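Student:
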């Protein structure tokens, strides 16, 4: 049951040149485990992902990448994909051939690891055939990268690498609980979860599911309803819920029906807050007020999903923004693992809730936007803003983002 | 977002001899779709699964199998796995080489398809190189199997095959809604969802998730709580819930705390009922009363998961049954796709909730047990029975299974 969302998995990526032994290492790390639960095969250009439980770390995903010395046109594409992996990597395993001499490519790659302060282990492979080259050892030592020597075909070597990964992973700071300071033990929360046509058959979408779980983990209770039964649900409760959490798309209606003395926020605001992005996202949403004819807006989704006729990213958001800023607005879209490196020319970026992206990847995206001075927000924040209820939706976190709320009011 | 559970997907399996073009067909059917969401690579012996949305059918999984003419020891193992796939197949695509002459293997395979009344299409491949053999056409016509001729490398041929699959799938009777006749529009249900250590991090286990969704789909409302807050949750409701649905493991406590005038059942009873298995499963549970020293009990799980120290299948159930029938009981376990063909010697079979198996597979298993006169039940039903609350848990479905309840009372 491979049910842990990608965004919650610790990402361990395997880098190195072609034939350094990356795939052998990948197989060694994942195959011997009875707990390998899925095996997502790459196409010719895509990295290979294997999700598993790595105890005691928990859910991880190993990523096998194309060699960063790949050649030709296809090679260039593969290298680009490998660099995209780097953005979401929590731990890098750099596989080196014992006989390899350091060159510009390796040097540049290690430099990039260092610039990102990425936890890293160099795996010097094929040491049964030859001693590690002196140049390699010298480079690793000057870059202060720990290394380990052996052969990726030997289980004991695999075991030592796993130990190193486990040690690195266990020092990682966990994200704070989703509802920290918002829902306390014994509280009663009320969730409003519309079922729209994009929801997978027979299931709850990820953010709703994660919130339900977070409430139970907080030792609290909840009522759950679609938006059409909100009033009835409120009436059926003998105690007032401490907070109402709604899907952003039902914001206006839910806000109107929820008494003013009950706190109200949205799933996407909670998730942005958990990821430490609340403040910049609020600031980004306010940028919608400054949009004018000729401005170009970039809309980004972290996964590819079926477009619905009332699709939020391609239909609703453009409509709302045009209502605000007129018909002269232009829109561009990006989805999946793609995020433009050059954001020149965009007046603002509106990102989906990013349930399929991990925190490193989202930080990279926000960082890229910040460096290029392009305001960036997410769907939920933008919707709350265009519906005029951002101040109310942010009230539960007032102290955390004092300045932005004042600017808004 | 590959979130539709396997058990809810329409299973389309591709069968045929080695080199008939099965994988080419698989790729053709899945690759051209932007909606291919996962790609589970097989090992040397396992079939390959590709999940995707096949509109307008919905979520499907294509399964590429090993040739049923595979040879050698490994070949025999692969054929066995292929036959296991047959048990859960909703639609069979039989790929044939145009130049192939019918032989015993093909004849036997088609006979099996017919015995199972399995919807089926023969795909005569490689027709760009040769006309279909007369023997092949004759066999298909005598078996009344529709066929289609072309080349699996041609998109138009793939398109025609897809149409045929869509047409077959759209005539399939859907399972009744999970809560049919149990939860009505405007009802308030109460779910008790303990979070045990086996639950995936940050998520809800599948049956709970599906039940939450089913309640929303029924246009009803719900309260959700862990077992420790049940009393508080009941107190916080101004109206009485029409039904309490609990995880089987908390049955005794929940039954004690839920007023007698509120209906009570479990997630597993609901799912067994939806699959039309309630009656035989109840009967199977009652077989526990007849267990005695020397009897052998088979415990089956549909997936492999981490064993916990208080694991239900390996620890709790054996303990409960020994409390009933003494230390002389023997236990055997099966998990994953395995289910013994020969059940001789087992006094009863206890199956997990089977959220990862589809209905055809479960029917096959129950059928096998029935044919060999071995009573079969599931975890939830057994737990309710050993805790003495089966009559109460079945009360919501009293009319559907009158005889069994009377026998129990």
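Protein chains in written order, with UniProt numbering: chain U, 1 to 409; chain L, 1 to 409.
Each residue gets a CB set at the ideal place from its N, CA and C atoms; glycine is no exception.
In this text the structure is predicted, and so the values were computed from the model without any measurement.
Does the beta carbon of residue 209(U) come closer than 8 angstroms to any beta carbon on chain L?
Tutor: For the purposes of this step, residue 209(U) is identified with residue 209 of the first chain, where counting begins at 1. Chain L contact via Cβ: present.
Student: Taking 8 angstroms as the threshold (beta carbon to beta carbon), is residue 337(U) in contact with chain L?
Tutor: Position 337 of the first chain holds residue 337(U). No, because no Cβ of chain L sits closer than 8 angstroms to the Cβ of residue 337(U).
Student: Let me make sure I understand the geometry here. Which of 27(L), 17(L), 192(L) has the alpha-carbon closest to that of residue 48(L)?
Tutor: One-based indexing of the second chain puts residue 48(L) at position 48. Ranking the options by Cα distance to residue 48(L), first place goes to 27(L).
Student: Report yes or no: do the segment 332 to 344 of chain L and the segment 369 to 376 of chain L share at least 3 C-beta pairs separated by less than 8 angstroms?
Tutor: A contact exists between the segment 332 to 344 of chain L and the segment 369 to 376 of chain L.
Student: Considering only the beta carbon of each residue, do residue 148(U) and residue 134(U) sit closer than 8 angstroms?
Tutor: Mapped onto the first chain, residue 148(U) falls at position 148. Mapped onto the first chain, residue 134(U) falls at position 134. No, the pair does not count as a contact, with Cβ atoms beyond the cut-off.
Student: How would you list, in chain order, the residues of chain L whose beta-carbon sits under 7 angstroms from the beta-carbon of residue 188(U)?
Tutor: Indexing the first chain from 1 puts residue 188(U) at position 188. Those are 236, listed as they occur along chain L.
Student: Alpha carbon to alpha carbon, what distance is there between residue 227(U) and residue 250(U)?
Tutor: The count along the first chain starts at 1 and reaches residue 250(U) at position 250. The count along the first chain starts at 1 and reaches residue 227(U) at position 227. If you take the alpha carbons of residue 250(U) and residue 227(U), they lie about 7 angstroms apart.
Student: From which residue to which residue does the beta strand (DSSP E) around residue 301(L) run?
Tutor: Taking the second chain and counting its residues from 1, one reaches residue 301(L) at position 301. From DSSP, the beta strand (DSSP E) with residue 301(L) extends over 296 to 301.
Student: In chain U, what lies closer than 9 angstroms to residue 195(L) by C-beta?
Tutor: In the second chain, the residue the question calls residue 195(L) occupies position 195. Those are 213, 216, 217, listed as they occur along chain U.
Student: Would you say residue 72(U) faces chain L, with C-beta separation under 8 angstroms as the test?
Tutor: By one-based count along the first chain, residue 72(U) stands at place 72. By this cut-off, residue 72(U) is not an interface position.
Student: Compare the beta carbon distance of residue 247(U) and residue 194(U) with 8 angstroms and say whether it is the shorter of the two.
Tutor: In the first chain, counting from the first residue as 1, residue 247(U) sits at position 247. In the first chain, counting from the first residue as 1, residue 194(U) sits at position 194. For residue 247(U) and residue 194(U), yes; Cβs fall inside 8 angstroms.
Student: In whole angstroms, what is the alpha-carbon distance linking residue 50(U) and residue 393(L)?
Tutor: Walking along the first chain from the start, residue 50(U) turns up at place 50. Walking along the second chain from the start, residue 393(L) turns up at place 393. If I take the Cα positions, the gap works out to 41 angstroms.
Student: Give me the DSSP bridge partner(s) of residue 61(L).
Tutor: Working through the second chain from its first residue, we reach residue 61(L) at position 61. Answer by DSSP bridge pairing, in chain order: 11(L), 51(L).
Student: Once you ignore the five residues that flank residue 239(L) on each side, which residues in its own chain have a CB closer than 8 angstroms to its CB?
Tutor: Translated into positions along the second chain, residue 239(L) becomes position 239. Closer than 8 angstroms at Cβ, skipping near neighbours: 188.
Student: Just to confirm the assignment, what range does the alpha helix (DSSP H) spanning residue 364(U) have?
Tutor: Along the first chain, read from residue 1 onward, the residue named residue 364(U) stands at position 364. Start and end: 359 to 371.
Student: Hey, would you say residue 92(L) sits closer than 8 angstroms to residue 54(L), going by beta carbons?
Tutor: For the purposes of this step, residue 92(L) is identified with residue 92 of the second chain, where counting begins at 1. For the purposes of this step, residue 54(L) is identified with residue 54 of the second chain, where counting begins at 1. It is not a contact, given that the beta carbons lie outside the stated cut-off.
Student: Below 7 angstroms between beta carbons is the criterion; list the residues of the segment 46 to 65 of chain U that meet it against any residue of chain L, in chain order.
Tutor: So the close ones are 53, 58, 59.
Student: Output, in chain order, the set of chain L residues within a Cβ distance shorter than 8 angstroms of residue 229(U).
Tutor: Here residue 229(U) is taken as the residue at index 229 of the first chain, counted from 1. Result: 186, 219, 220, 221.
Student: At 3 residues or longer, what runs of the beta strand (DSSP E) sit wholly inside the segment 113 to 194 of chain L?
Tutor: You should have 120 to 125, 147 to 149, 188 to 192.
Student: With 8 angstroms as the threshold, decide whether the Cβ of residue 204(U) is near any Cβ in chain L.
Tutor: Within the first chain, the letter at position 204 stands for residue 204(U). For residue 204(U), the answer is yes, since a Cβ of chain L falls inside 8 angstroms of its Cβ.
Student: Considering residue 232(U), what are the terminal residues of the beta strand (DSSP E) in which it resides?
Tutor: The sequence position of residue 232(U) within the first chain is 232, counting from 1. Taken as a continuous stretch (DSSP letters only), residue 232(U) belongs to no beta strand (DSSP E), being part of the alpha helix (DSSP H) at 230 to 235.
Student: Tell me the DSSP secondary structure of residue 330(U) in three-state form.
Tutor: For the purposes of this step, residue 330(U) is taken as residue 330 along the first chain, with counting starting at 1. Residue 330(U) falls in the strand class under three-state DSSP.
Student: Along the chain, where does the beta strand (DSSP E) that runs through residue 435(L) open and close?
Tutor: Chain L is shown only over 1 to 409; residue 435(L) falls outside these bounds and no answer can be derived.
Student: So the candidates are 379(L), 231(L), 11(L), 142(L); which of them puts its Cα closest to the Cα of residue 86(L)?
Tutor: Position 86 of the second chain, counting from 1, holds the residue named residue 86(L). If we check each option's Cα against that of residue 86(L), 11(L) comes out closest.
Student: Quick one: what does DSSP say residue 86(L) is sitting in, helix, strand or coil?
Tutor: In the second chain, the residue the question calls residue 86(L) occupies position 86. Three-state result, residue 86(L): helix.
Student: How about the segment 322 to 338 of chain U and the segment 261 to 276 of chain U: do they share at least three Cβ pairs that are nearer than 8 angstroms?
Tutor: Segments in contact, no.
Student: In the DSSP output, what is residue 263(U) paired with across the bridge?
Tutor: Taking the first chain and counting its residues from 1, the one referred to as residue 263(U) is at position 263. 243(U), per the DSSP bridge assignment.
Student: Using 10 angstroms around the beta-carbon of residue 131(L), count the other beta-carbons present and answer buried if the total reaches 16, otherwise exposed.
Tutor: Here residue 131(L) refers to the residue found at position 131 when the second chain is read from its first residue. Label assigned to residue 131(L): exposed.
Student: So which of 300(U), 102(U), 280(U) has the shortest CA-CA distance to residue 352(U)?
Tutor: Taking the first residue of the first chain as 1, we reach residue 352(U) at position 352. Of the listed residues, the one whose Cα sits closest to residue 352(U) is 300(U).
Student: Starting from residue 225(L) and walking both ways along the beta strand (DSSP E), at which residues does that stretch end?
Tutor: What you label residue 225(L) is simply residue 225 of the second chain in a count that begins at 1. From DSSP, the beta strand (DSSP E) with residue 225(L) extends over 221 to 225.
Student: Grab me the residues of residue 22(L)'s own chain with a C-beta within less than 8 angstroms of its C-beta, minus the 5 sequence neighbours each way, in chain order.
Tutor: As a first step, residue 22(L) is located in the second chain; it is residue number 22 there, counting from the start. So the list reads 14, 15, 16, 64, 65, 67, 95, once near-sequence residues are dropped.
Student: Could one say the Cβ of residue 27(U) lies closer than 8 angstroms to chain L's Cβ atoms, at least one of them?
Tutor: Taking the first residue of the first chain as 1, we reach residue 27(U) at position 27. It does not: the Cβ of residue 27(U) has no partner Cβ on chain L nearer than 8 angstroms.
Student: Where does residue 155(U) land, buried or exposed, given buried means 16+ other C-beta within 10 angstroms?
Tutor: Here residue 155(U) refers to the residue found at position 155 of the first chain. Residue 155(U) comes out exposed.
Student: Locate the alpha helix (DSSP H) running through residue 314(U), then write down its first and last residues.
Tutor: As a working note, residue 314(U) is residue 314 in the first chain. Unbroken run through residue 314(U): none, as it is neither H nor E.
Student: Out of 295(L), 285(L), 333(L), 241(L), which one is the CA nearest neighbour of residue 302(L)?
Tutor: Position 302 of the second chain, counted from the start, is the residue given in the question as residue 302(L). Comparing Cα positions, the closest option is 333(L).
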